[in-house]
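Numbering-wise, numbering that gives the first Met the number 0 puts 305 at position 306 of the sequence shown, and it's gapless, one number per residue. For each residue, glycine too, the CB sits at the ideal point set by N, CA and C. Let me begin by presenting the structure, written as structure tokens, before commenting on it.
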Amino acid sequence: MHFVSREVDGYKIFAVTGTNTVSFAIDFDDADTTGLLGFAVEREDPTEKQRYFMYGMKVFPSVIPYPDEKTSVTTYDHPVQSFVWDDFTAKDGRRYTYWFYPLRGAPKNLNRSATPIEITVETEALFTKGEHDIFFNRGVASSQAYNRRFNNKAPDKQPTAKKRDEALEWLSRRLDDAILAFIKNAKAGDTLLGAFYEFRYEPVVAELKRAVERGVDVRLVLDGKDNSSVDKKTGKPIKAFPRDANREMVAQVGLPATTIARWREKNPANIQHNKFMVLVRGDEPKEVWTGSTNLSNGGIHGQTNVGHWVRNADVAREFAAYWAVLEKDLGSEKGDTNSEAKKKKAAGRKAVMDLGTIPARLDEIGPGSSTIFSPRSGSGVNEMYAATLDSAPSLGAITLAFGVNKTFKSAFADNTFKDPVLFLLLEKRDLPKKNSKTPFIPLTAKQNVYQAWGSYFRGPLYQWTRETNARILGLNEHVSYIHSKFMLRDPLGGDPLVVTGSANFSDPSVNDNDENMLLIRGNERVADIYFTEFNRLYNHYYFRSVQEALSGGKKPEANASADVSASLFLKEKAAEWLVKYKPGTLRWKRVQAYKRMANTRTL
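Listed below in structure tokens is the structure:
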């Protein structure tokens with residue numbers, strides 16, 4: 000939801016709420032910011048009868064010159080020096096009131112006489128009966144919060160079972176509860192059609208078994224591709240992934256053999272990358288569970304992931320039709336000649352493409368929810384995504400687990416500061432590849448593109464302690480940080496577009512793998528939840544990305560240094576931080592994006 004405060008002394012606050020995050024921007028164009036040292040932020044939660052000043056991280060060096068991991072401060076004494084700020088500690092379905100107090104004076108003698116700007120907001124409910132419910136896990140095992148709460152130890156290394164469960168709950172943030180709720184929603188006589196790449200998260204597999212026992216017809220297509228090999232150095236066999244782990248989990252839980260409609264074995268060089276279920280009542284598909292979340296411990300608790308519950312019969316019918324194609328296990332086999340393999344793959348792509356045409360341009364994407372399934376021929380899908388993002392009126396964002404596709408790079412390469420601000424959140428830093436014959440196209444602030452990538456603090460920094468990450472905790476092996484796959488076009492405008500699902504915005508994800516994507520146009524609730532969660536993840540990793548670039552002995556990219564200074568303390572003079580908000584700077588542009596957002600209300 001979009002909110003705006005009443006104007007106070009030239010200041011006006013804009014807010015966007017998701018389920019657990021509230022994103023704020025302070026319009027200061029008509030305010031006198033002379034001597035402004037920042038804002039103390041106070042929050043009231045009537046539900047829990049709490050009112051207190053929000054905690055901060057940075058401190059004034061003249062007040063606390065040597066902060067350490069035990070240092071704890073609030074914005075009452077160490078204010079927020081930003082006109083864009085996020086509260087990542089909100090709870091869903093709540094009403095909150097915030098007061099932003101402009102502070103002047105000196106760090107050791109703050110002037111608090113200015114009238115605060117008050118804004119009341121409401122967060123979105125996590126579980127509803129509406130068309131869309133969206134569930135993000137924490138996705139930040141690399142954080143001081145995890146270290147403070149759980150001493151950087153993996154959940155199964157916690158001192159007690161209670162502490163282990165607390166760690167798992169903190170990391171999942173109810174993502175697993177939502178998947179289980181979707182399955183529990185199926186009643187005797189219903190059907191659950193599932194298609195999964197990784198199928199090795201015991202609680203979900205066990206819940207599917209219970210569904211069978213209460214009379215639900217469970218039918219699954221699971222990745223069963225034989226990609227086993229032999230380690231060239233040791234000579235030891237390498238198991239087929241994820242086939243062998245999937246089979247072991249099915250056997251361990253005792254899932255009836257009748258539930259496995261198909262082990263997807265064709266196209267052995269590609270992957271059955273779907274993660275979806277369709278709820279069918281009678282003969283009518285009704286609801287869909289989809290998103291980026293693999294059924295694995297790391298998928299639920301480690302890397303960033305999202306689960307998306309859709310209650311839309313048209314979308315459910317499209318997914319059910321796609322599932323029927325997957326069940327046929329079309330594609331090439333080991334031993335096929337190149338000609339045979341090409342012919343069989345083409346037949347499989349045609350079967351998917353026959354399910355429906357895809358939009359070639361933004362104006363062909365209708366309002367509401369629609370789908371795109373893979374594999375399919377050509378580059379049209381990624382070209383449409385890139386052009387759609389590149390044409391955003393003011394703001395676009397995308398998560399990329401496996402690098403920036405060349406189609407996107409080509410679309411953004413000629414951009415200037417007049418083009419939309421684009422935020423890229425990547426698993427790894429975008430760098431030239433060794434021995435690559437393709438010219439490297441850097442995307443920086445020159446194209447109005449700003450990047451963050453998965454990273455963690457490897458040593459003490461400021462008051463922050465040594466961090467861990469999902470791989471070190473034993474949660475993930477391949478992708479440690481950014482596994483979600485979603486794109487946002489004009490998320491604050493009157494016609495937002497959200498693209499979300501299993502595909503990585505790559506050529507293989509369109510042409511070779513089994514994938515699904517949802518296109519959701521014009522739904523403010525959906526856009527707000529994805530936007531605020533993107534903010535949470537991007538802000539978490541952006542500062543870490545810059546520090547990683549600095550610690551490598553290289554200067555950070557121009558876009559990084561433009562937005563985050565190397566300073567780890569608050570500025571003690573107003574001019575030193577206000578300069579970052581001059582017209583044309585990234586931070587100024589972000590404030591302007593909030594000011595232009597549609598459908599604001601005042602409570």
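Cβ separation of residue i and residue j, assumed to be a contact under 8 Å, to the nearest whole Å
i	j	result
SER508	SER373	6 Å
LEU325	ARG263	7 Å
SER4	THR601	7 Å
LYS183	GLU197	The pair is not a contact, with the Cβ atoms about 21 Å apart (cut-off 8 Å).
VAL40	VAL79	6 Å
PHE27	ILE12	Between ILE12 and PHE27 the Cβ distance is about 10 Å, and since that is not below 8 Å, they are no contact.
ALA113	TYR100	7 Å
ALA320	LEU361	Incorrect: roughly 25 Å between the Cβ atoms, too far for contact.
ALA592	LEU487	Incorrect: roughly 12 Å between the Cβ atoms, too far for contact.
ALA187	GLY214	3 Å
Neighbourhood of residue i by C-beta, 7 Å cutoff - its chain only, sequence neighbours within 5 removed
i	result
TRP452	LEU425, GLU426, LYS427, ARG428, TYR540, SER544
GLY398	According to the sequence provided, residue 398 is Thr. The question's Gly does not apply to it. Same-chain partners within the cutoff: LEU424, ILE481, SER483, LYS484, PHE485.
SER61	PRO106, LYS107, GLU571
ASP605	Residue numbering for the chain in the displayed model covers 0 to 602; residue 605 lies beyond these limits and cannot be assessed.
Residues near residue i in its chain [Cβ-Cβ closer than 8 Å; skip 5 each side]
i	result
ILE603	A query on residue 603 cannot be resolved here, the shown segment of the chain reaching from 0 to 602 and no further.
ASN404	ASN381, ALA385, PHE504, SER505, ASP506
VAL304	In the sequence on display, residue 304 carries Asn and not Val. Excluding positions up to five away in sequence, the list reads PHE135, ASN136, GLY138, LEU174, GLY290, SER291, THR292, ASN293, GLY298, HIS482, SER483.
ASP85	THR20, VAL21, SER22, PHE23, THR531, ASN534, ARG535, ASN538
Residue i - DSSP class collapsed to helix/strand/coil
i	result
ASN510	helix
TYR65	coil
HIS131	strand
THR584	coil
ILE12	strand
GLU363	helix
ALA345	helix
LYS433	coil
GLY253	coil
ASN538	helix
ASN515	strand
ARG600	strand
PHE126	coil
ARG605	Nothing can be reported for residue 605: it is not among the residues displayed for the chain, which extend from 0 to 602.
GLU168	helix
LEU329	coil
ARG213	coil
SER544	helix
Exposure label - residue i; buried when at least 16 CB within 10 Å
i	result
SER132	Here the sequence assigns Asp to residue 132, which means Ser is not the residue at that position. So ASP132 counts as buried.
PRO284	buried
GLN302	buried
LYS342	exposed
THR387	buried
PHE38	buried
GLY306	buried
VAL229	exposed
GLY51	For clarity, residue 51 is Tyr in the given sequence; the question names Gly instead. Exposed: under 16 other Cβ atoms inside 10 Å.
ASP155	exposed
GLY297	buried
ALA359	exposed
ALA400	buried
ASP8	exposed
VAL58	buried
GLY253	exposed
SER435	exposed
GLN271	buried
Beta-ladder partner(s) of residue i, from DSSP
i	result
GLU605	The structure shown has nothing for residue 605, since the chain only spans 0 to 602.
PRO101	PHE38
GLU228	Here residue 228 is Ser; the residue named in the question, Glu, does not match the sequence. SER228 is bridged to ILE237.
GLU317	None, per the DSSP bridge assignment.
GLU283	ARG280
ASN608	Since the first residue of the chain shown is 0 and the last is 602, residue 608 is not available in this structure.
LEU425	LEU399, TRP452
ASN481	Position check: residue 481 holds Ile in this sequence, whereas Asn was assumed. Beta-bridge pairing links ILE481 to THR303.
Cβ shell of residue i (< 6 Å), same chain only, five flanking positions each side left out
i	result
ASN273	ALA194, SER501, ASP513, ASN515
ARG218	LEU192, ALA260
MET276	LEU191, GLY193, TRP288
VAL203	ILE178, LEU294
MET596	HIS1, LEU491
GLN157	ARG163, ALA166
ALA244	ARG199
LYS408	ILE440
GLU556	Note that GLU556 scores a pLDDT of 40, beneath 50, so its modelled location is shaky; the value from the coordinates is reported in the next line. Excluding positions up to five away in sequence, the list reads THR443.
ASN414	GLN446, ASN447
Proximity test, residue i beta-carbon vs the ligand MN heavy atom, cut-off 8 Å
i	result
PRO392	Looking for the ligand MN in the displayed structure turns up nothing, as the structure carries no ligands at all.
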